[in-house]
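Quick notes on the structure that follows.
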Amino acid sequence: MTSLSLPLNIPAAWFAMVMGLGGLSIAWQRAEALTGLTPHAGYGMAWFALLVFSVLLFGYLRKIFRHHESFLAEFRHPTQIAFVGAVPISMEVLAVAFVHHHPMLAEGLLLVGMPLQLLVLTTMFRRWLV
24 MTSLSLPLNI
34 PAAWFAMVMG
44 LGGLSIAWQR
54 AEALTGLTPH
64 AGYGMAWFAL
74 LVFSVLLFGY
84 LRKIFRHHES
94 FLAEFRHPTQ
104 IAFVGAVPIS
114 MEVLAVAFVH
124 HHPMLAEGLL
134 LVGMPLQLLV
144 LTTMFRRWLV
């Protein structure tokens, strides 16, 4: 019997999927509010985006802790570091998607995502200026 093995190298750019799904769910929520429909489709998409984010985050954290050199290579690369910012931005987009029905979840996502975004941003600026 073989065990399930996850990909060793999940790139940070994959978090762009979460940004797209989260943005789509926000758009559906707004459209449902404008038309008077119940926001089931929009919130269903938000939960799906959160599921995708959770799976990707698990794989990315696994990459950081088990394959640290692969993460550092991505973080040191001049263009790939820009995609590392997709991780906290995904959290912020999900926070907007959940703000009306799950404000505590939205607040938690923002409280983690905003400092991470600041860390990535300052790291990128420091590299560009040096």
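Residue numbering for the sequence shown is 24 to 153, as defined by the working numbering. Ideal Cβ placement from N, Cα and C applies to all residues, glycine included. Just so it is clear, the structure is predicted and the values come from calculations on it, not from any experiment.
Annotation for F121: the continuous alpha helix (DSSP H) segment containing it runs A109 to F121. In this structure, the alpha-carbon of M137 lies about 30 Å from that of T61.
Taking each of V110, E115, G43 and A129 in turn and checking the Cα distance to L84, the smallest one comes out for V110. Pairing G82 with I33 gives a Cβ-Cβ distance under 8 Å. Contact annotation: M147 and A105 have beta-carbon atoms nearer than 8 Å.
In the three-state DSSP reduction, G59 falls in the coil class, being neither helix nor strand. G67 is classed as exposed because its beta carbon has fewer than 16 other beta carbons within 10 Å across all chains shown. Under the 10 Å beta carbon count, S48 is surrounded by 16 or more other beta carbons and is classified as buried. Judged by DSSP secondary structure, Q103 falls outside any alpha helix (DSSP H); it is assigned neither H nor E. The straight-line gap separating the alpha-carbon atoms of E130 and L139 is approximately 14 Å.
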